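These protein sequence lines are chains A and B, in that order. Those letters in the first sequence? Residues 1 to 242, per UniProt numbering, in order. Those letters in the second sequence? Residues 1 to 242, per UniProt numbering, in order. The block underneath contains the structure these notes are about, expressed in structure tokens.
2 protein chains.
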Amino acid sequence: MNGKITGVSLGPGEPELITVKALKTLQAADVIFCPATLRGKEERESKAARILEALGINTAKIRFFLVPMSTDRTAVNKVYDEICKEMAECAGAGQKVSLTAEGDACFYSSAHYIFEKLQRLGISVKMIAGVPAFIAAGASVGLHIVKQRERMLVIPGDVSAEELESALNRGYTVVIMKVPLGEEIVRSYMAHHPEEHYFYFEQVGTAAEYITSVYAEILKHPFTYFSILVIQAAKRHKNITK
Amino acid sequence: MNGKITGVSLGPGEPELITVKALKTLQAADVIFCPATLRGKEERESKAARILEALGINTAKIRFFLVPMSTDRTAVNKVYDEICKEMAECAGAGQKVSLTAEGDACFYSSAHYIFEKLQRLGISVKMIAGVPAFIAAGASVGLHIVKQRERMLVIPGDVSAEELESALNRGYTVVIMKVPLGEEIVRSYMAHHPEEHYFYFEQVGTAAEYITSVYAEILKHPFTYFSILVIQAAKRHKNITK
């Protein structure tokens, strides 16, 4: 087969937390598709591209696609359709094509929209795994997120009070991503449960990193979008029935 | 400070799925502590050491410690106490010390026993994140384990029927590690729920890799110890309440 398309996980943001396999794939790629957003009217912002630059990847190989920041899926879908067509053309011409994704491409990554479209076009995509953000957050402070027989529940943003109560009551460790989306419920739970262990992470591995496990500090801190809150139930060693 | 101790995550087993940061740390290390087990009476087996060899790390730097395969913690604790003493001595002498862990060192890794002992000795340990096995399993077949607002529950081994029912009833994606430990309950759930999506993984990224998402094949397959079963609830897009 001529060419091929590879989904390359970039890891959590700190450039060297990319895998050796992913780095080699990017170095060997002919063209690398990178998502970007518009900050203001003109300024293009791409976290993926900044990681590639830091890793010394030839930026001339990068092809940006602008992902509209909108809840209306029509505009986003149009962009993805165009990108899939372009990627298929490059692969068809025998080029090695990479599509980058932050964190792991198969773990809460919007890259799945593109991969699903490619699959519907009959084009197979190879994936290279990466370090998810919550794993890097834990490692950054030596926090053993889960060990032995502990359970972990990951909730992206829109937490419900009932499921949070239920999970922590079972002794689960809960990882909440995009904390502001469930802000009211999280703050209310924290206020009623000072006994649990809370670990708040923001921009881990960057200059803007903010990490705290001090209850009072988390409570007064304004949550930012790509934040992670790990809650370890005080009773996590009990209530796990055989 | 003279010397330092770093917990280095090796990733899921495929050597190049280690991070660039971890590889550089191992290359710069003066001494690398690697867990090993005895296979039979004489033959030493160390998955960690095999990864290091494949990555071209100087194996003369490796110091093995034999982890007794026993449910009695006394013998294991004794080994860990000795290792901590040795590591502290090396670090105190100004050496760069690495301790390796498969997968991610903070995610269901027995390395936490050693790190906790070191902390009690007043020695701080830096951690380098790695790709957990379940992430690599998903990527190996392009399976998007969770996306958008889906929830994921990770259960290590000793599944209870009630929590499995409860999680899948909520529409959660469930990741079961060390499937044989909960074999009876898992098989019973599968028999009663052919509608869910099952993905079984064994030795991903090695020559002995076995992966299937065929319901009937999983049901007749003898589960092995380090296997992973991902169950995506058929109703995973419903029942997630705001």
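For glycine and all other residues, C-beta sits at the position ideal for the given N, C-alpha and C. Since the structure is predicted, the reported quantities are computational estimates derived from the model, not experimental observations.
Leaving out five residues before and five after B/T241 in sequence, what residues of the same chain have Cβ atoms less than 7 Å from its Cβ?
Along the second sequence, read from residue 1 onward, the residue named residue 241 of chain B stands at position 241. No answer about B/T241 holds up, because its pLDDT of 47 lies below 50 and its placement is not dependable.
Do you know whose CA, among B/L66, B/L26, B/A191, lies nearest B/G56's CA?
Taking the second sequence and counting its residues from 1, one reaches residue 56 of chain B at position 56. Answer by Cα proximity: B/L26.
Let me know the secondary structure DSSP gives B/G157 once reduced to three states.
On the second sequence, position 157 is the one that residue 157 of chain B refers to. Per DSSP, reduced to three states, the secondary structure at B/G157 is coil, with no helix or strand assignment.
Is the region 49-66 of chain B touching the region 48-55 of chain A, taking contact as three or more C-beta pairs under 8 Å?
No, they do not touch.
Following the continuous beta strand (DSSP E) through B/R73, name the residue where it begins and the one where it ends.
In the second sequence, residue 73 of chain B corresponds to position 73, counting from 1. Annotation: B/R73 is outside any beta strand (DSSP E); the continuous alpha helix (DSSP H) that includes it extends over 73-92.
Determine which residues share a DSSP beta bridge with A/T212 and list them.
As a first step, residue 212 of chain A is located in the first sequence; it is residue number 212 there, counting from the start. DSSP output for A/T212 lists A/Y200 as bridge partner(s).
Cα-Cα separation, B/S235 to A/L38:
As a working note, residue 235 of chain B is residue 235 in the second sequence. As a working note, residue 38 of chain A is residue 38 in the first sequence. The question names Ser, but residue 235 of chain B in the sequence shown is Lys. Straight through space, the alpha carbons of A/L38 and B/K235 are spaced by roughly 36 Å.
Between A/I145, A/A137, A/V186, which has its C-alpha nearest residue 262 of chain A's C-alpha?
Residue numbering for chain A in the displayed model covers 1 to 242; residue 262 of chain A lies beyond these limits and cannot be assessed.
Chain-ordered neighbours of A/I128 on chain B, where CB pairs are closer than 7 Å
Indexing the first sequence from 1 puts residue 128 of chain A at position 128. One finds A139 in chain B with Cβ atoms closer than 7 Å to the Cβ of A/I128, taken in chain order.
Does any CB atom of chain A fall closer than 8 Å to the CB of residue 244 of chain B?
This structure does not reach residue 244 of chain B, given that chain B is present from 1 up to 242, and the question cannot be answered.
Residues bridged to A/L99 [DSSP beta-bridge criterion]
Mapped onto the first sequence, residue 99 of chain A falls at position 99. A/L99 has A/G7, A/F33 as its beta-bridge partners, per DSSP.
Any Cβ of chain B within less than 8 Å of the Cβ of A/P222?
Counting from one through the first sequence, the residue named residue 222 of chain A turns up at place 222. By the rule that beta-carbons nearer than 8 Å mark a contact, A/P222 does not touch chain B.
Who does A/L66 pair with in a DSSP beta bridge?
If you number the first sequence from 1, residue 66 of chain A lands on position 66. Per DSSP, A/A36.
So, with DSSP's three-state summary, where would you put B/L121?
Mapped onto the second sequence, residue 121 of chain B falls at position 121. In this structure, B/L121 counts as coil in the three-state DSSP scheme.
Please return the same chain residues whose Cβ sits closer than 6 Å to the Cβ of A/P68, not counting the five positions on each side in sequence.
Here the question's residue 68 of chain A lines up with position 68 in the first sequence. Spatial neighbours of A/P68 in its own chain (CB-CB distance under 6 Å, excluding positions within 5 residues in sequence) are listed in chain order as A75, V76.
Which residues in chain B sit within 7 Å of A/K21, going by Cβ to Cβ distance?
By 1-based counting over the first sequence, the position of residue 21 of chain A is 21. Chain B residues near A/K21: E16, L17.
How is the alpha helix (DSSP H) around B/L26 delimited, first residue to last?
Indexing the second sequence from 1 puts residue 26 of chain B at position 26. Here the alpha helix (DSSP H) through B/L26 covers 20-28.
To the nearest angstrom, report how far apart B/A216 and B/F64 are at their CA atoms.
As a working note, residue 216 of chain B is residue 216 in the second sequence. As a working note, residue 64 of chain B is residue 64 in the second sequence. Each residue's Cα considered, the two are about 42 Å apart.
So, using beta-carbon positions, are B/G130 and B/S9 closer together than 8 Å?
Against the second sequence, residue 130 of chain B aligns to sequence position 130. Against the second sequence, residue 9 of chain B aligns to sequence position 9. Yes.
Does the count of Cβ pairs from the region 167-179 of chain A and the region 219-231 of chain A closer than 8 Å reach three?
Taking a cut-off of 8 Å on C-beta distances, the region 167-179 of chain A touches the region 219-231 of chain A, as three or more cross pairs fall below it.
Please work out which residues of its chain come closer than 7 Å, Cβ to Cβ, to A/D127, disregarding the five sequence neighbours upstream and downstream, and give them in chain order.
The sequence position of residue 127 of chain A within the first sequence is 127, counting from 1. Note that residue 127 of chain A corresponds to Met in the displayed sequence, not to Asp. So the list reads G7, A105, C106, once near-sequence residues are dropped.
In chain B, what lies closer than 7 Å to A/H144 by C-beta?
Walking along the first sequence from the start, residue 144 of chain A turns up at place 144. When 7 Å is used as the limit between beta carbons, A/H144 is near these residues of chain B: C106, H112, in chain order.
Rounding to the nearest angstrom, what Cα-Cα distance links B/R87 and B/L168 in this structure?
Within the second sequence, the letter at position 87 stands for residue 87 of chain B. Within the second sequence, the letter at position 168 stands for residue 168 of chain B. Per the sequence shown, the amino acid found at residue 87 of chain B is Met instead of Arg. B/M87 and B/L168 have their C-alpha atoms spaced approximately 44 Å apart.
Residue nearest to B/Q232 in terms of C-alpha spacing, selected from B/E209, B/S160, B/M152, B/I211:
Taking the second sequence and counting its residues from 1, the one referred to as residue 232 of chain B is at position 232. Nearest to B/Q232 by C-alpha distance, out of B/E209, B/S160, B/M152, B/I211, is B/M152.
Closest Cα partner of A/A60 within the set A/C84, A/V31, A/A136
Your numbering for residue 60 of chain A matches position 60 in the first sequence. Ranking A/C84, A/V31, A/A136 by Cα distance to A/A60 puts A/V31 first.
Contacting residues, own chain, Cβ-Cβ under 6 Å from A/V154 (five flanking each side not counted):
For the purposes of this step, residue 154 of chain A is taken as the residue at position 154 of the first sequence. Result list for A/V154: V175, in chain order.
In the structure shown, what three-state DSSP assignment does A/M1 receive?
Sequence index remark: in the first sequence, residue 1 of chain A carries index 1 (1-based). Low confidence applies here, because A/M1 scores a pLDDT of 46, under 50, leaving its location unreliable; read the following figure in that light. Three-state DSSP puts A/M1 in coil, outside helix and strand.
Contacts that A/D81 makes with chain B (C-beta to C-beta distance below 7 Å)
To locate residue 81 of chain A, count along the first sequence from 1; it is residue 81. Correct list: empty, because the minimum Cβ distance to chain B is about 19 Å.
7 Å Cβ shell around A/C84 - same chain, five flanking residues per side excluded:
In the first sequence, residue 84 of chain A corresponds to position 84, counting from 1. Spatial neighbours of A/C84 in its own chain (CB-CB distance under 7 Å, excluding positions within 5 residues in sequence) are listed in chain order as I114, K117, L118, L121.
Which of the three DSSP states is assigned to A/F107 in this structure?
Locating residue 107 of chain A in the first sequence gives position 107, where the first residue counts as 1. Three-state DSSP puts A/F107 in a strand.
Smallest Cα separation from B/G182: which of A/G11, A/I62, A/R149, A/T100?
By 1-based counting over the second sequence, the position of residue 182 of chain B is 182. B/G182 has its Cα closest to that of A/R149, out of A/G11, A/I62, A/R149, A/T100.
Identity of the residue in B/V230, B/C34, B/A29, B/F33 nearest residue 245 of chain B by Cα:
Residue coverage of chain B in this structure runs from 1 to 242, which leaves residue 245 of chain B outside it and unanswerable.
Is there at least one Cβ from chain B nearer than 8 Å to A/L153's Cβ?
The residue you call residue 153 of chain A lines up with position 153 of the first sequence. Cβ-Cβ to chain B under 8 Å: yes for A/L153.
In the DSSP assignment, what residue or residues form a beta bridge with A/L229?
In the first sequence, counting from the first residue as 1, residue 229 of chain A sits at position 229. The partner list for A/L229 (beta bridge, DSSP) reads A/I176, A/Y200.
Can you tell me the Cα-Cα spacing of B/Y210 and B/I135, whole angstroms?
The count along the second sequence starts at 1 and reaches residue 210 of chain B at position 210. The count along the second sequence starts at 1 and reaches residue 135 of chain B at position 135. Cα-Cα distance, rounded: 16 Å.
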